[in-house]
Structure formats: structure tokens, C-alpha cells
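Q: Quick one: structure below, then a few questions.
In my numbering, the protein residues as written are 11 to 440.
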């Protein structure tokens, strides 16, 4: 990869300076490798680097190493330099890893009736999207992106939404849900067909049934863990596990509905919803009423699952009734919540508030990327619990958190917000 001047320089004097410069090389320079096409030493000392396991010196979006290092973000490898030995000094390699310009490409809506792209997944080298569709007779679809065109991969069931995709044991799995919409400040869905199914993609437009959760019309989470697929219903309690022999078994309940599953530090976690009566909670939310937490200590709650001992609570969060997202950032567990749009971090056995995401109220997704934590919010949710400040528009937004903003109560915007009108034009943006 092309690098700044002296990016691969190694000296015998001191650590790296505060910035990059084009001045003369340090007299104590041992070697310099810019890795612009090869691994030769540019210092004139003839210390050519020897790539181990092959190397790609050009831009690549398919990085791979022969020996990944556990518990580190990204891929880590090494290369050896002939004739250099500096006892007590770690070798450091810097590189620019941005292989594309910082631009967004709009891939549009998979269909004219798509309200929302609920999930994305990569399977066998192709990008798949799962959709929520409007209309009484419209059903959730799965699409595959081919040559800038969305190809219909069929409808896994009759429900209005396919809300999750998961790649497990070489197969692509989808979960179906009947999204009621009223709890998100939208008109109630007119498609009454139930979801609550997990299906496996068989190619073309064919899907095969893997699981139907009894009494559940929607599935909130679908996550592979320890070689088995785990699923949770959206409007009822419990978690279910798919064993290698194709049978499903109950994993019990932590005592409240779960909305999201995630793996952190080798364990499976689920995050909860305070609302005992979901129909009443949806009606109150649609009327602009924020449903209070079940306990004075707070609500939401996060639980760790152990196959032997069951569920263990990590505590509740103040000013919270629902937890929608879980992500690992800085080796800490982070969660996104409703109704105040606060992100919490679990540290030293307790939950710490990391501030509100802009003026939003519902943090639906968290994603750690390139050293930053990003938060995505639900379009229009802010208008339910608070008014839109003058001069601003309500809609989708992405907040960004870095070490520089760690002490702030509000997160800066990444510039990826959309107006309310545009937020209705759901689509896949890369």
C-alpha cells in the first residue's frame, strides 16, 4: 500500500515523532521500507525485507494473513527484516488502509414497496439484503446484489418483513417477522400474516423451513454461537437453540423479552425490553407517551447466557426501558437504548452513560469501525418523545464516538443524516 514518506522507517534513536515530514533522514536510520510495490530497503543500506507467506503491495479489499492474532481488531501479520536485531524494542509497521475514496454509492431500493432494509449479510461472496414491505399483500423479501441490480431471492414466508440474516455452517438463514409499525410512530401494518419462522436459503427463490416458534409471530434475534444457531422471539420471552442434528431446544428466559443477541468475550448476551404488555406499550408509544421503566433502578437490562447455569443479569440502565443494540468497542460492552437515545458502557461491574446520540431517542444499531463507534437511530422515533429543534430535520442519523468525544454528553454527527421525507425512501447505501 502507498504510505507517507518514511512510513516504514526504523531508527536506532527514539520512537516515532509527532507527525510526518519530508526532511533529511536521521543519521541513525537503520532501514526504510515504503512497501510501494515491493519490500526493498530505501535507506541505501541494502536491508531488503523478506515477506512471509506472500504479500500484496497494492490496494486490496480482501486482506488475509496466515496466522491471525486472537482478540485484536482486524488482521495482524508480520514480515522479517534481514540483519536487524534490537533487543527490547518491538517492531512497528504503519500503513494507510483506506483503499477507497470516502464516497457513498446509492444502490436504491430493492423494490418499490420496500419500507426498510432490515439486514445485510455477505454469503458466498455476494451481498444480500432483507426487507420490510408495505401493503396488505406485500411480504418481506431477500435480495442479492448482482451487477448493480437487486435480484429477488424469494419470500421466506407470508409476513411483511425479513428482519435478520445470518450465515451459519455454510448456509444463509433468514428470520421472518410481522412488524406492527405502530410502536415506531408509523401507521399500523395492514398485513396480518404471522412471522416467527427461521428458514434456510436453497438457491434461486427457494427457502426451506428450519424453525417455527410456537406462539411467536416475529423473531427479534438470530445469532450463531458455539457452533449452534440461537433465536429469540420479538413479542414473547425465551431463547431457542438449533443443534447440529437439526433439532431446536429451549434455553429458558431471563424474565423479560429480549430484543437483541450478541457475542462478547466468548459468551452470549441478550438485551431486554421492560414492557410486560407489548400491545399496551405500542399503543402508548403511538400516542406520544413514554412508558416508564418497570423498576425504580431502571430498565432494559442485559443478561449473559451460560448453557449450564442459565441467565445472569448484568444490571439495568437508568432512564431506559428497551435495549436494541450491543457492540464491543475498546474491549468494553456497549449498548444502545430507548427512550433517551443514550449509549451505555459496562465497566467495573456497572453501567456508565456515554451520552446521548445527538437529539435522538432510539439507538437501533451500534457498530465499531476503524477505531470509532457508530450509532444508528430509527427514522422518526425522535418525534414521538420530543419535538424537533428549530432548523433541524427528523430522520435517520448516524452518531460517531471517538476518544476525543468520550467526555461529551452528546455525540457528533457523521454527516449521514437524512430528512424525514428522504427517510421513507428506504434503500441500501454502501
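Using N, Cα and C, we set each Cβ at its ideal position, and we do this for glycine too.
#1: Assign residue 354 to buried or exposed, taking buried as 16 or more other Cβ atoms, counted over all protein chains shown, within 10 Å of its Cβ.
#2: Count the C-beta pairs between the stretch 368-375 and the stretch 303-311 that are closer than 8 Å, then say yes if the count reaches three, no if not.
#3: Label residue 216 either buried or exposed according to how many other C-beta atoms from any shown protein chain fall within 10 Å of its C-beta, with 16 as the threshold for buried.
#4: Compute the distance between the beta-carbons of residue 189 and residue 131, then report whether it is under 9 Å.
#5: Which partner residues of residue 352 appear in the DSSP bridge assignment?
#6: Where does residue 173 land, buried or exposed, given buried means 16+ other C-beta within 10 angstroms?
#7: Do the stretch 228-237 and the stretch 250-269 make contact, defined as three or more Cβ pairs closer than 8 Å?
#8: May I ask you to list the residues that DSSP assigns as paired with residue 45?
#9: Determine the DSSP secondary structure at residue 15, reduced to helix, strand or coil.
#10: Give the single residue among 128, 227, 198, 197 whose Cα lies nearest to the Cα of residue 167.
#11: Please report the straight-line C-alpha distance between residue 287 and residue 358, rounded to a whole angstrom.
#12: Measuring alpha carbon to alpha carbon, tell me which residue in 164, 249, 153, 368 is nearest residue 321.
#13: For residue 366, which of 144, 360, 386, 204 has the nearest alpha-carbon?
#14: Where residue 48 and residue 67 are concerned, what is the direct C-alpha to C-alpha distance, given to the nearest angstrom?
#15: In the DSSP assignment, the beta strand (DSSP E) including residue 374 goes from what residue to what residue?
#16: Could you give the C-beta distance for residue 121 and residue 149, rounded to a whole number, given that I count them as a contact under 8 Å?
#17: Alpha carbon to alpha carbon, what distance is there between residue 115 and residue 382?
#18: Quick one: what does DSSP say residue 226 is sitting in, helix, strand or coil?
#19: For residue 207, report the span of its beta strand (DSSP E) as first-last.
#20: Leaving out five residues on either side along the sequence, give the residues of the same chain with a beta carbon under 8 Å from the beta carbon of residue 50.
#21: Roughly how many angstroms lie between the CA atoms of residue 352 and residue 360, to the nearest whole one?
#22: According to DSSP, which residues form a beta bridge with residue 279?
#23: Indicate the three-state DSSP secondary structure (helix, strand or coil) for residue 484 in the structure shown.
#24: To the nearest angstrom, how far is it from the Cα of residue 293 to the Cα of residue 134?
#25: Under the three-state reduction of DSSP, which class applies to residue 254: helix, strand or coil?
#26: Could you tell me the alpha carbon to alpha carbon distance between residue 281 and residue 242, rounded to whole angstroms?
#27: Indicate whether residue 279 and residue 220 have their beta-carbon atoms separated by less than 9 Å.
#28: Could you name the residues that DSSP lists as bridge partners for residue 323?
#29: Please report the straight-line C-alpha distance between residue 212 and residue 138, rounded to a whole angstrom.
#30: Helix, strand or coil for residue 123 per DSSP?
A: If we stick to the structure as given:
#1: buried
#2: no
#3: exposed
#4: no
#5: 366
#6: buried
#7: yes
#8: DSSP lists no partner for residue 45.
#9: Below a pLDDT of 50, predicted positions are generally treated as unreliable, and residue 15, at 37, falls in that range; the measurement from the model is reported next regardless. Note: residue 15 maps to coil in three-state DSSP.
#10: 227
#11: 33 Å
#12: 249
#13: 386
#14: 6 Å
#15: 373-379
#16: At roughly 11 Å, the Cβ-Cβ gap does not stay under 8 Å, so residue 121 and residue 149 are not in contact.
#17: 21 Å
#18: coil
#19: 207-213
#20: 43, 58, 59
#21: 15 Å
#22: 272, 314
#23: Nothing can be reported for residue 484: it is not among the residues displayed for the chain, which extend from 11 to 440.
#24: 42 Å
#25: coil
#26: 11 Å
#27: no
#28: 313
#29: 14 Å
#30: coil
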